[in-house]
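Inspection log for the structure reproduced underneath, given as structure tokens.
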Amino acid sequence: TAQEDARTIADAILKNNYTKIGIIHINDDWGISTEITLRSLLEARNISVVTEKHEQRDADFRTQITKLSQADAIVDISAGTSAGLIIKQAKELGYKGDFYSGVGFSLTPDAAEITGDAANGILYQEYQIHPEFERRYIERFGKAPAKFSQTAYTLMELTSYSIEKTGSENPEALSQYMKSM
Numbered sequence: 016t017a018q019e020d021a022r023t024i025a026d027a028i029l030k031n032n033y034t035k036i037g038i039i040h041i042n043d044d045w046g047i048s049t050e051i052t053l054r055s056l057l058e059a060r061n062i063s064v065v066t067e068k069h070e071q072r073d074a075d076f077r078t079q080i081t082k083l084s085q086a087d088a089i090v091d092i093s094a095g096t097s098a099g100l101i102i103k104q105a106k107e108l109g110y111k112g113d114f115y116s117g118v119g120f121s122l123t124p125d126a127a128e129i130t131g132d133a134a135n136g137i138l139y140q141e142y143q144i145h146p147e148f149e150r151r152y153i154e155r156f157g158k159a160p161a162k163f164s165q166t167a168y169t170l171m172e173l174t175s176y177s178i179e180k181t182g183s184e185n186p187e188a189l190s191q192y193m194k195s196m
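Going from the sequence shown to the numbering used here is simple: count from 1 and add 15.
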């Protein structure tokens, strides 16, 4: 979940002696939820946080990066091409601080290619694919699964299980059941 992603990033950040963190996030439910949780976790430790948001289709992040450039570290909570472009543009602008990226970087197939050498030294979250899932996927489809495949499959299993147990397809009922698990 977004909250788990935020806790993972916060744990990594709190291993350092930062006083100011910049967060740039995508303006969607995942980006907003992750930013809110991460900001709360960091501010609880007396770390100053400055945030900027962007839209999914944005390609120029220089204004947001400039506003965050005084931070000890910048956290990028994005997915798609923006996950790579933000890092690349920050390095082009001369940002020297540390750089963290949420799962969007590892889940975006071409993010490392877009970023190029600017990706050297960034810290990012990674999803590990379970070996048995990968084996079965390759057996069935003849190729390795995309990183998000396992998550999507697991979400479908969870949804199917919840529908079976509750006897309902009502989103609120399913949500409550899943939260109680």
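We treat Cβ as the ideally placed atom computed from N, Cα and C, and that holds for glycine. Computed from a predicted structure; not experimentally measured.
Only residues of its own chain outside the window of five on either side were considered, and among them LEU122 have a CB closer than 6 Å to the CB of PHE163, listed in chain order.
In the structure shown, ALA88 falls within a strand segment according to DSSP collapsed to helix, strand and coil.
Out of ILE24, ARG155, GLY37, GLY131, the CA that lies nearest to the CA of GLY99 is found in GLY131. For LYS106, the number of other beta carbons within 10 angstroms of its own is at least 16, and it is reported as buried.
Across the structure, GLY119 and GLY95 are spaced so that their CA atoms are roughly 7 Å apart. Within a 10 Å sphere around the beta-carbon of GLY182 sit fewer than 16 other beta-carbons, which makes this residue exposed. The three-state reading of DSSP puts TYR115 in strand, counting E and B together.
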